[in-house]
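Each remark here refers to the structure printed beneath this line.
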Amino acid sequence: MAKVVPAVLGFSLRQPRLVSTKMVPALSGFCLKYPRLFATSVSRRSGPTMSFPCLDKLEKRTQMIADKGPEPSYSKAKGFELYKVPGTVQLDYGRTLDNVEIAYETWGTLNADRSNAILLHTGLSASSHAKSQPNNTDPGWWERFIGPGLSLDTNKFFIICTNVLGGCYGSTGPSSLSPEDGKPYATRFPIVTIHDMVRVQYRLVKEHLGISKLYASVGSSMGGLQSLAYAVEFTDSVGRVASISACARSHPSSIAMRHVQRQVLMADPNWKRGFYYDGIPPHVGMKLARQLATITYRSGPEWEDRFGRDRMDPEMIPALCPDFLIETYLDHQGEKFCLEYDPNSLLYVSKAMDMFDLGYENTQVRAKWRNGVTQANACSLPSKPYEEKPRDHVQPCSKSDLAKGMAAMAQLPTFVLGVQSDVLFPSWQQREIYDVLVQAAGQQHHHIQYHELSYADSKFGHDTFILDIEHVGKPLQRFLES
Numbered sequence: 001m002a003k004v005v006p007a008v009l010g011f012s013l014r015q016p017r018l019v020s021t022k023m024v025p026a027l028s029g030f031c032l033k034y035p036r037l038f039a040t041s042v043s044r045r046s047g048p049t050m051s052f053p054c055l056d057k058l059e060k061r062t063q064m065i066a067d068k069g070p071e072p073s074y075s076k077a078k079g080f081e082l083y084k085v086p087g088t089v090q091l092d093y094g095r096t097l098d099n100v101e102i103a104y105e106t107w108g109t110l111n112a113d114r115s116n117a118i119l120l121h122t123g124l125s126a127s128s129h130a131k132s133q134p135n136n137t138d139p140g141w142w143e144r145f146i147g148p149g150l151s152l153d154t155n156k157f158f159i160i161c162t163n164v165l166g167g168c169y170g171s172t173g174p175s176s177l178s179p180e181d182g183k184p185y186a187t188r189f190p191i192v193t194i195h196d197m198v199r200v201q202y203r204l205v206k207e208h209l210g211i212s213k214l215y216a217s218v219g220s221s222m223g224g225l226q227s228l229a230y231a232v233e234f235t236d237s238v239g240r241v242a243s244i245s246a247c248a249r250s251h252p253s254s255i256a257m258r259h260v261q262r263q264v265l266m267a268d269p270n271w272k273r274g275f276y277y278d279g280i281p282p283h284v285g286m287k288l289a290r291q292l293a294t295i296t297y298r299s300g301p302e303w304e305d306r307f308g309r310d311r312m313d314p315e316m317i318p319a320l321c322p323d324f325l326i327e328t329y330l331d332h333q334g335e336k337f338c339l340e341y342d343p344n345s346l347l348y349v350s351k352a353m354d355m356f357d358l359g360y361e362n363t364q365v366r367a368k369w370r371n372g373v374t375q376a377n378a379c380s381l382p383s384k385p386y387e388e389k390p391r392d393h394v395q396p397c398s399k400s401d402l403a404k405g406m407a408a409m410a411q412l413p414t415f416v417l418g419v420q421s422d423v424l425f426p427s428w429q430q431r432e433i434y435d436v437l438v439q440a441a442g443q444q445h446h447h448i449q450y451h452e453l454s455y456a457d458s459k460f461g462h463d464t465f466i467l468d469i470e471h472v473g474k475p476l477q478r479f480l481e482s
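Read in full-length UniProt numbering, the sequence shown has 202 at position 202, and its numbers run on one by one without any break.
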């Protein structure tokens, strides 16, 4: 038997050789007598300790916040108007909110008979600032889609956009002060649904702005969910509906993606079960959650063309910090977002998306909660751990149930658009909206339009709705102006 050991006593340290096991005791003694010789050999093999500039950056931000105090940019939202909802707002899951405020902005001119108003619904993390305006000249999140002659033509329409209930850009949410003690609600804030959001929007439109019927309800992503929910809830108060890159009910794949984002955020020690407002916010968890979300917002084909396998510096030894271009892009997206949005709002609003279901059965369940028929003492986990259900016990997502739940809006002119490169809301989910509405409408369904963008049309994935004027904006404009 022989072992490979570093050669000594005349043998090169760089060239291991086979020696008899009888020599091992002698070599061991030599190692003990001359430790530095072998320490040098080991250090050459292991190399210097790796540096982690990405972690250094996180630590510096934590220290900066600790030194200067928490003042995230979402607390500096500007230029919006506030609607203070009178009385108490009843929520779907049995809770109530007082002193509710909704931030909103408008563009264009409301005509004399108040018949040209379009309610524009936002995505998960967007504010009411969809377009620049005199009180806030910064570009909005749909800047190129709103204006004279554009998709939402301000020469013809009066555009309204709100920050959703549960958000953090002026509307009441977890970061708002509770009227009970003057401290942020944090996770004392009640669970809200997409339907809760549109009900307070309805009160803004009807009670505050005096608009009895919208010309159209328009939205993309989570805004597309709201647009459909508004039409189902207030069918007689809307003229037509546009839903882009959305769904009629949330499906397991998107629920799973948002669940992981929430778990990453809640695992940040600075989250403190939601009570972080007087200290350091969970910016590391937010950064990681945003990176995960960004993977679902764009598409693989786009990234193949945009980044490929390129590294920032191919001449450098690979590092564990962002190294490939795609890694640096994700890191940048997380950096931009981590102090731009309230972490608790991300938890609450994303959960509202998960619970979205326009099916008839779910509508009945929510009604029982709202009417106090169903009671629960507190939020809790199931008593049993994960358990796979037999296939015959799994309830399929019935289109008939959806058709029954959406029947009220089936007679409205409706525009549905899907994108094949979208992995968050795959295009089959938009086809499902169309199929369900056609089923509910019966033979007369020509007023329901469906558009699907192929990979050749757009490789931008879910974010196509904020990037592609040609394939999203123009068809939408034709629908609104027809």
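Using N, Cα and C, we set each Cβ at its ideal position, and we do this for glycine too.
Remember, it's a predicted structure, so these values are computed and weren't measured experimentally.
With 16 other Cβ atoms within 10 Å as the buried cut-off, status of residue i
i: Gly418; result: buried
i: Asn163; result: buried
i: Glu105; result: buried
i: Phe234; result: buried
i: Val264; result: buried
i: Asn116; result: buried
i: Leu177; result: exposed
i: Glu207; result: exposed
i: Gly372; result: exposed
i: His462; result: buried
i: Leu55; result: exposed
i: Glu481; result: exposed
i: Gln444; result: exposed
i: Phe189; result: buried
i: Met50; result: exposed
i: Trp428; result: exposed
i: Met64; result: exposed
Cβ distance (whole Å) where residue i is taken to contact residue j below 8 Å
i: Cys161; j: Ser128; result: 5 Å
i: Arg249; j: Leu402; result: 7 Å
i: Leu476; j: Ser253; result: Rounded, the Cβ-Cβ distance is 26 Å, inconsistent with contact.
i: Phe460; j: Glu302; result: 6 Å
i: Ala231; j: Met409; result: 4 Å
i: Asp331; j: Pro343; result: So it is not a contact: roughly 19 Å between Cβ atoms.
i: Val423; j: Thr296; result: 6 Å
i: Val205; j: Leu119; result: 6 Å
Length of the line joining the Cα atoms of residue i and residue j
i: residue 495; j: Arg199; result: A question about residue 495 goes unanswered here, because the residues of the chain that appear run from 1 up to 482.
i: Gly405; j: Leu358; result: 6 Å
i: Asp113; j: Ser217; result: 18 Å
i: Asn270; j: Ser350; result: 20 Å
i: Ala66; j: Lys76; result: 19 Å
i: Ile280; j: Gly79; result: 27 Å
i: Val416; j: Gln439; result: 15 Å
i: Phe465; j: Lys368; result: 36 Å
i: Tyr169; j: Phe145; result: 21 Å
i: Pro165; j: Glu315; result: Contrary to the premise, residue 165 reads as Leu rather than Pro in this sequence. C-alpha separation (whole angstroms): 50 Å.
i: Glu101; j: Pro179; result: 12 Å
i: Ser132; j: Met286; result: 27 Å
i: Phe38; j: Glu388; result: Since pLDDT at Phe38 reaches only 48, below the 50 mark, its modelled position is unreliable, and the value read off the structure follows with that caveat. Going by the C-alpha atoms only, they are around 55 Å apart.
i: Gly149; j: Ala441; result: 32 Å
i: Pro184; j: Ala352; result: 20 Å
i: Thr154; j: Ser73; result: 29 Å
i: Leu347; j: Ala293; result: 13 Å
i: Gln90; j: Asp98; result: 9 Å
i: Arg370; j: Tyr386; result: 29 Å
i: Gln201; j: Phe157; result: 18 Å
i: Leu339; j: His447; result: 43 Å
Secondary structure of residue i, DSSP reduced to three states
i: Pro184; result: strand
i: Ala39; result: In this predicted model, Ala39 has a pLDDT of only 48, less than 50, meaning its place in the structure is not dependable; the value taken from the coordinates is given anyway. Ala39: helix per DSSP, three-state reduction.
i: Glu233; result: helix
i: Thr62; result: helix
i: Ala130; result: coil
i: Thr172; result: coil
i: Ser227; result: helix
i: Phe324; result: strand
i: Gln411; result: coil
i: Gly473; result: helix
i: Phe158; result: strand
i: Lys213; result: coil
i: Leu120; result: strand
i: His208; result: helix
i: Leu480; result: helix
i: Leu110; result: coil
i: His462; result: helix
i: residue 483; result: Not covered by the structure: residue 483. The range shown for the chain is 1 to 482.
heavy atom of the ligand NAP below 7 Å from residue i C-beta
i: Pro282; result: Annotation note on the ligand NAP: not contained in the displayed structure, which lists no ligands.
**Asked** At what residue ranges does the region 232-300 contain a whole run of the alpha helix (DSSP H), taking only runs of 4 or more?
**Response** Complete alpha helix (DSSP H) runs here, min 4: 252-266 and 283-297.
**In chain order, each alpha helix (DSSP H) run of at least 4 residues that lies wholly inside the region 317-373** = The region 317-373 contains these whole alpha helix (DSSP H) runs: 325-337, 343-354 and 360-370.
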